[in-house]
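Residues in the sequence shown are numbered consecutively from 1, following the UniProt record's numbering.
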Amino acid sequence: MEEVPVKVAVRIRPLLCKEVLHKHQVCVRDIPNTQQIIIGRDRVFTFDFVFGKNSTQDEVYNICIKPLVLSLIEGYNATVFAYGQTGSGKTYTIGGGHVASVVEGQKGIIPRAIQEIFQSISENPSIDFKIKVSYIEVYKEDLRDLLELETSMKDLHIREDDKGNTVIVGAKECQVESVDEVMSLLEVGNAARHTSTTQMNEHSSRSHAIFTISICQVEKNTEAAEDGEWYSHRHIVSKFHFVDLAGSERVTKTGNTGERFKESIQINSGLLALGNVISALGDPRRKSSHIPYRDAKITRLLKDSLGGSAKTVMITCVSPSSSDFDESLNSLKYANRARNIRNKPSLNFSPESDRMDEMEFEIKLLREALQSHQASISQTSQTPSEGVPDQNRIHSLEEQVSQLQEECLGYQDCIEQAFTFLVDLKDAVRLNQKQQHKLQEWFSRTQEVRKAVLTQFPGHQSIGNLEEGPQHCALAADQVLFTQKELELEELRSQVQLMVQENKGHAVTLKEAQKMNRL
């Protein structure tokens, strides 16, 4: 699996009106036609992307985020998160404010990505897409569902699935089918998010927010199977996380007190944990050491994005004002360390996909076996018996027995006549010794046959009654023949019953497999 570095972009906002009025100096500037930034007099940093004070929202999106959207459609997880001090332009860049009142050119990353995702879906009619969105807030180290405010914070838990991906159990996922639906949910979540006014920012975010778009793709198979069923081959589930982090704060500058002061402590604590994770992942000497993901909720949620299997872009927003020199320098240091983080992106095939293919293959085998058994049963039904004796077959057997009886009587009559003729011939004709010996042997064999007949039918002892002997012999032969046919009939019955039982067993197995397939 190929390692891909985390892409880091730095965006410098313009000086605010109040900063211009107070005659703040510009301490951060970009070097034209390069991806470098100078802070102070001579501190130079190099990043993947650098956007100066005149950069537009469209420019940031096309360069940084558009490749992530294409990767999302291909089946990769993607993450973009904005990092920086309070008031540096993170929420404006990510597009987490009141999106409905923002003009087209000022829209942030999230609205633009949503539009492009649905445009890509419309350009792929051969794929079924299902889109779900969720919106989670981390406020004072507690999870809060911005799309279902009635959900208790105790019902939201961070877990890992069988592939090691981080998931939030209990969070509401809304299925959407249009851009307007997503924008409406985004607006609802933004309105419910914790914000407040401080001395540094009129609309300061007091929490970390994660807006997630999940896409499930199922390829359509245009060719129907032989049995008429439709099969789908690939199931891909990919996610795009848009993370708007609360900015780092200094109480001396924000002037926070009371509840705002407690929020500042929790925000700085979470960002400190995130900085430690970035430092640990970005330091080659600490690759094999423990990564402190569990020190904060936000770092656990970003585990897949930092050192995991997602394609990640980190946008560091900095203030050019000389009064924010220390905060901007720290942000640039963290951004520089993040460039050393390596992720291992992988296609996210659904875990049910392989199981579905196995079940479909198993059902196909069961259907073939069932069809072969049905064919064998239908062939058996064309044979003489199917549990009940066939009258036509019995009649045919009776005719054959009668014919054999007639042939047997004719042979016996011929033998009697030949015996009488030879007895008279023996006395009337002079034979040589060899002929007499052969004639005597024939007499002996005839006598043995007669004795056997008389023993089997003791009621007939005279030669004159030999005509009745053949009849009893024929009846005995008929009885033997009937016995053989009855045995064959019983054997066929047992085979039919065995096939019926096997057919029932396969039918039960097929129903269970179909039930599993539906599940």
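Just so you know, even glycine gets a beta-carbon here, dropped at the ideal spot from N, CA and C.
| field | Beta-carbon proximity check, Val86 vs Gly247, cutoff 8 Å | value | Contrary to the premise, residue 86 reads as Thr rather than Val in this sequence. For Thr86 and Gly247, yes; Cβs fall inside 8 Å.
| said: Helix, strand or coil for Glu368? Go by DSSP, reduced to three states. | reply: helix
| request: Locate the alpha helix (DSSP H) running through Glu150, then write down its first and last residues. | output: Segment: none, Glu150 is in no alpha helix (DSSP H) and carries neither H nor E.
| said: Against chain B, with Cβ distances strictly below 8 Å, would Thr79 count as a contact? | reply: In the displayed structure, chain B is absent; only one protein chain is listed.
| message | Quick check: the Cα distance between Glu137 and Tyr83, rounded to an integer number of angstroms? | response | 16 Å
| said: For Val28 and Leu185, what's the separation of their Cα atoms in angstroms? | reply: The C-alpha of Leu185 is placed about 37 Å away from the C-alpha of Val28.
| query | Taking just the CA atoms, how far does Ser178 sit from Ser323? | reply | 44 Å
| Residues that Arg43 bridges to, as DSSP identifies them | Ile39
| field | Inter-residue spacing [alpha-carbon to alpha-carbon] between His208 and Lys511 | value | 49 Å
| task | Could you spell out the range, first to last residue, of the alpha helix (DSSP H) harbouring Phe240? | result | Note, Phe240: premise wrong, no alpha helix (DSSP H); beta strand (DSSP E) at His235 to Asp244.
| For residue 520, which three-state DSSP category applies? | This structure leaves residue 520 out entirely; the chain is present only between 1 and 519.
| Just the Cα atoms here: how many angstroms apart are Phe45 and Ser305? | 23 Å
| said: Just verifying my parser: in three-state terms, what is the DSSP assignment at Leu439? | reply: Three-state result, Leu439: helix.
| field | Exposed unless 16 or more other CB atoms sit within 10 angstroms - verdict on Tyr411 | value | exposed
| query | Using DSSP with H/G/I as helix, E/B as strand and the rest coil, what is Gly258? | reply | coil
| task | State the start and end residues of the unbroken beta strand (DSSP E) segment that holds Asp128. | result | Counting along the chain, the unbroken beta strand (DSSP E) around Asp128 starts and ends at Ile127 to Tyr139.
| task | Would you identify the three-state DSSP class for Arg193, choosing helix, strand or coil? | result | coil
| said: Would Ser328 and Ile39 be called neighbours here (beta carbons separated by less than 8 Å)? | reply: yes
| request: Give me the Cα-Cα distance between Ile363 and Ile377, rounded to the nearest whole angstrom. | output: 21 Å
| request: Tell me whether Pro320 is buried or exposed, calling it buried when 16 or more other Cβ atoms sit within 10 Å of its Cβ. | output: buried
| Contact under 8 Å by Cβ, Lys239 with Thr212 | yes
| query | Leaving out the 5 sequence neighbours to the left and right, which residues in its chain are closer than 6 Å to Val8 when beta-carbon positions are compared? | reply | Phe47, Asp48, Met314, Ala335, Ala338 and Arg339
| request: Determine the extent of the beta strand (DSSP E) in which Leu143 is found, giving its start and end residues. | output: Asp142 to Asp145
| said: On the DSSP letters alone, give me the boundaries of the beta strand (DSSP E) that Ala310 sits inside. | reply: Counting along the chain, Ala310 falls outside any beta strand (DSSP E), and DSSP gives it neither H nor E.
| query | DSSP puts Lys9 in a beta bridge; with which residues? | reply | It is worth fixing the name first, because residue 9 is Ala in this sequence and not Lys. Under DSSP, the beta-bridge partners assigned to Ala9 are Phe49 and Ile315.
| request: Report all residues from its chain with a CB closer than 7 Å to the CB of Lys130; omit the five preceding and five following residues, and keep chain order. | output: Cβ neighbours of Lys130 beyond the five flanking positions: Gln175 and Cys216.
| field | Under 8 Å between C-beta atoms of Leu281 and Thr299 | value | no
| Does the beta-carbon distance from Gln36 to Gly108 come in below 8 Å? | no
| Is DSSP giving Tyr83 helix, strand or coil here? | Three-state result, Tyr83: strand.
| request: Kindly indicate which three-state DSSP category Glu416 falls into: helix, strand or coil? | output: helix
| said: Under DSSP, the beta strand (DSSP E) around Arg29 begins and ends at which residues? | reply: Val28 to Asp30
| Could you check where the alpha helix (DSSP H) with Glu19 kicks off and where it finishes? | Cys17 to Leu21
| Closest by CA to Arg445, which one among Lys163, Gly505 and Glu416? | Glu416
| request: Compare the C-alpha of Val182 against each of His506, Tyr135 and Ser264 and name the closest. | output: Tyr135
| task | Can you have a look at Leu245 and say buried or exposed, based on whether 16 or more other CB atoms are within 10 angstroms of its CB? | result | buried
| message | The alpha helix (DSSP H) that contains Thr91, what's its start and end? | response | Lys90 to Ile94
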